[in-house]
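Enquirer: Sending over a structure as structure tokens; questions will come in a sec.
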Amino acid sequence: MISRKILLLLLTLPVILGLIIGYQITNDEGKGQEELIVDSCNLRTENSNNYIKEYLIPTKCSAPVAITIDKEGIIWFIENNNSKLVSFNPDENSFIGYQISEHYVNVQSWSIIAVNNEIWFTDHQNNLVWKYTKSENKFEYYKLLTENSYPVQILNNKNQMIVSEIFGKKIAILEIDQLVTNTTNGINEISPEIDLDVLGGIAIDDDGRIWYTMLTWPIEGHLGSYKDGKFTSYKLPEEISSPVGISIRENQIWINDHGSSQFVLFNLDNNTFTNYVTSSSKSEFTTTLPYWNKFDNNGNIWMNVHQSNTIAKMDVERGILIEYEIPTRNFDWGGISNPLQFDIDGQGNIWFTEWTENKIAILNANKPLGFDIEVSTREISIDNNEMEEIILTIDPKKELNAEIKMTGTFNKNGVISNISITFDQIEKELNVKKEVPILIKPDNLSSGVYTIMISVESEEITQSIPIKLIMK
């Protein structure tokens, strides 16, 4: 068993590790550590590219994480350093801050949702769940039953709020019409039957069943469900030992592993797992750490790929992963802006926070991509020392500067191993359709099923196609 402190670093706050090392690079003589941190986070500017636009938060060093959008299109987020709930009107480019409490001066949140006239959010620092009623400009709070439970995710289930308690290893169910401010009234907890070190994320299916992940990193991860007093449990693939983000739609459960570069699809119709991996890390970190995930209205699964500094979409229908580069890269933090949470607006655009950069940002998900890719086959059955050829077709819509890259589910960071993949790199300034032969030859690769991601990486987006590799 590993300690709660280590688990906190590995699971809920991997950026704390950056906090420990990230500000040490500033070495102005005569300044204390706290003063250096303030100076560093003050130096921020808005950046943008063809897909993403950033907005600098007026309050300096606010450390935003939780973010959501209400039905009017107003963005809401929490300033973790200031105990403030903030609204942002994109049409007016205006921010309004609301002090959450005078009594609780250290309100910090990982998860926030908008439900009708109300904004609900977790507070892991004070072990509370908060509700803000917009029409009354009023805050109320509700006390969780388990002390130091670290509530990290909140979801709405009709007349209930469902909360994931990471260290409490419980799921809190809040009956909305029974809640009384400053009490535990109306709150019940369930304890999953699998007793691992940490509870991960939660999701709710169309039947009201609660799905959750649990883990003992780096030993094992489990998927479980609960309804009407009954539990089910599924052991996740060996490679998925830090499952966090989880979403379900039409018996398809997507789970992100926040200890590696992998994410997994679990098909409830036949109880099968399919592992995927992101493209190679675009930062100084070797693993990309896919974090939280959500479905859009078209059935695509979105995720924030924390340590690669991208927002990614798995186009489920086309079977293509698209990763969008965030325009800010802070190399004091290993080349990332710490995109820790996101939400999807009514137009399908992605809003996300940049924790260390004091920003929120929008990704225009409706903007056409600059190129298309396809492959001649999506599945290969092969033996060691045999060779197969795949044809990658790249179709640029405008002049394209890009590289072909490869990752696979052979190890946690996606690096290709025990297999030879050879191809000719595409020329710069590609402006016509191009077919690229790719030769694949396993060498001492164990029998089993793997996924190879064939990627085309441009300056602002990377598109990847998964190839199912069956080793005989």
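Count along the sequence shown from 1, then add 233; that gives the number in the numbering used here.
The beta-carbon is built from N, C-alpha and C at its ideal position, and this holds for glycine as well.
Everything numeric in this text was worked out from a predicted model, so none of it was measured.
1) Assuming Ile387 contacts Thr355 (C-beta within less than 8 Å), just tell me the rounded distance between them.
2) Tell me which residue opens and which closes the beta strand (DSSP E) that Lys546 is part of.
3) Exposed or buried, which one is Leu276 when buried takes at least 16 other CB atoms within 10 Å?
4) Which same chain residues, not among the five before or five after Ile685, have their C-beta less than 6 Å away from its C-beta?
5) Compute the beta-carbon to beta-carbon distance between Leu448 and Ser474, rounded to the nearest angstrom, for a pair I have assumed lies under 8 Å.
6) Give me the Cβ distance between Phe575 and Trp525, rounded to the nearest whole Å; I'm assuming they're in contact under 8 Å.
7) Any idea which residues DSSP pairs Asp490 with across the strands?
8) Who are the Cβ neighbours of Ile509 in its own chain at under 6 Å, not counting the five residues just before and after it?
9) Flag this pair as touching only if the segment 583–595 and the segment 607–621 have three or more C-beta atom pairs under 8 Å; answer yes or no.
10) Here's the rule I'm using: 16 or more other beta-carbon atoms within 10 Å means buried, otherwise exposed. How should Val338 be labelled?
11) So, are the CB atoms of Ile583 and Gln696 less than 8 Å apart?
12) Between the C-alpha atoms of Ile553 and Ile624, what's the straight-line distance to the nearest angstrom?
13) Where does the unbroken beta strand (DSSP E) through Ala594 begin, and where does it stop?
14) Short of 8 Å in beta carbon distance, which residues of its chain neighbour Pro451, apart from the five on each side in sequence? Order them along the chain.
15) Around the Cβ of Ser281, are there at least 16 other Cβ atoms within 10 angstroms (buried) or fewer (exposed)?
16) Entirely within the segment 280–354 and at least 4 residues each: give me those alpha helix (DSSP H) ranges in chain order.
17) Are the beta-carbon atoms belonging to Glu398 and Leu377 less than 8 Å from one another?
18) How is Thr449 classed by DSSP in three states: helix, strand or coil?
19) To the nearest angstrom, how far is it from the Cα of Asn314 to the Cα of Ile333?
20) Please report the distance separating the alpha-carbon of Pro670 from that of Val682.
21) For Gln696, report the span of its beta strand (DSSP E) as first-last.
22) Would you tell me roughly how many angstroms separate the C-alpha atoms of Val477 and Gln580, rounded to the nearest one?
23) When you compare each of Trp588, Asn634, Val385 to Ser342 by their alpha carbons, which one comes out closest?
24) Beta carbon of Glu312, beta carbon of Pro323: below 8 Å?
25) Let me make sure I understand the geometry here. Which of Ser327, Pro470, Pro291 has the alpha-carbon closest to that of Ile307?
26) Looking at Ile654 and Ile673, is the spacing between their C-beta atoms short of 8 Å?
27) Roughly how many angstroms lie between the CA atoms of Ser458 and Trp444, to the nearest whole one?
28) With DSSP collapsed to three states, give me the class of Ile235.
29) What runs of the beta strand (DSSP E), each 3 residues or longer, lie entirely inside the segment 489–539?
30) Between which two residues does the beta strand (DSSP E) carrying Asp605 extend?
31) Roughly how many angstroms lie between the CA atoms of Val431 and Leu633, to the nearest whole one?
32) If you check the beta carbons only, do Lys600 and Glu558 fall under 8 Å apart?
33) Pull up the CB-CB distance for Thr301 and Ile345, whole angstroms please, since I reckon it's below 8 Å.
34) Under the three-state reduction of DSSP, which class applies to Glu690: helix, strand or coil?
35) What first and last residue would you give for the beta strand (DSSP E) that runs through Ile175?
Expert: So, to answer that:
1) Their Cβ separation, rounded to whole angstroms, is 5 Å, which keeps Ile387 and Thr355 in contact under 8 Å.
2) Segment 543–548, the beta strand (DSSP E) holding Lys546.
3) In the assembly as shown, Leu276 is an exposed residue. Its beta-carbon has fewer than 16 other beta-carbons within 10 Å.
4) Its chain contains Gly641, Ile700, Leu702 as the residues whose beta carbon lies nearer than 6 Å to that of Ile685, once the 5 sequence neighbours on both sides are disregarded; these appear in chain order.
5) Right, their Cβ atoms sit about 6 Å apart.
6) About 7 Å separates the two Cβ atoms, so the contact holds.
7) In the DSSP secondary-structure assignment, Asp490 is bridged to Pro476.
8) Before going further, note that residue 509 is Tyr rather than Ile in the sequence given. Around Tyr509: Phe496, Thr684, Pro699.
9) Using a C-beta cut-off of 8 Å, the segment 583–595 makes no contact with the segment 607–621, since fewer than three inter-stretch Cβ pairs fall below that distance.
10) For Val338, the number of other beta carbons within 10 angstroms of its own is below 16, and it is reported as exposed.
11) Their beta carbons are not under 8 Å apart, which means Ile583 does not touch Gln696 by this criterion.
12) Cα atoms of Ile553 and Ile624: separation of roughly 16 Å, rounded to the nearest angstrom.
13) Its beta strand (DSSP E) spans residues 592–596.
14) Apart from sequence neighbours up to five positions away, the residues of its chain that approach Pro451 with a beta-carbon distance below 8 Å are Ser474, Ser475, Gly492, ordered along the chain.
15) Exposed, by the Cβ-count rule.
16) Scanning the segment 280–354 for uninterrupted alpha helix (DSSP H) segments of 4 residues or longer gives nothing; none is fully contained.
17) Yes.
18) Secondary structure at Thr449: strand, using DSSP grouped into helix, strand and coil.
19) Their backbone Cα atoms lie some 12 Å apart in a straight line.
20) Going by the C-alpha atoms only, they are around 23 Å apart.
21) Note, Gln696: beta strand (DSSP E), 694–704.
22) About 26 Å.
23) Selection Trp588, Asn634, Val385 evaluated against Ser342 yields Val385 as nearest (Cα-Cα).
24) In this structure, Pro323 does not lie closer than 8 Å to Glu312 by Cβ.
25) Checking every option, the nearest Cα to that of Ile307 belongs to Ser327.
26) Taking 8 Å as the Cβ cut-off, Ile673 and Ile654 qualify as a contacting pair.
27) Cα to Cα, Ser458 sits roughly 4 Å from Trp444.
28) At Ile235 the pLDDT is 41, less than 50, meaning the model places this residue with poor confidence; the figure from the coordinates comes in the next sentence. In the structure shown, Ile235 sits in coil (DSSP, three-state: anything other than H, G, I, E or B).
29) Entirely contained in the segment 489–539, the beta strand (DSSP E) runs reaching 3 residues are, in chain order, 495–500, 505–510, 523–528, 534–538.
30) Bounds of the beta strand (DSSP E) holding Asp605 are 604–608.
31) For Val431 and Leu633, the distance between alpha carbons rounds to 45 Å.
32) If you check the CB distance, Lys600 and Glu558 do not come in under 8 Å.
33) Confirmed, Cβ separation roughly 5 Å.
34) Here Glu690 sits in strand by DSSP.
35) In this structure the chain extends from 234 to 705, so residue 175 is not present and cannot be described.
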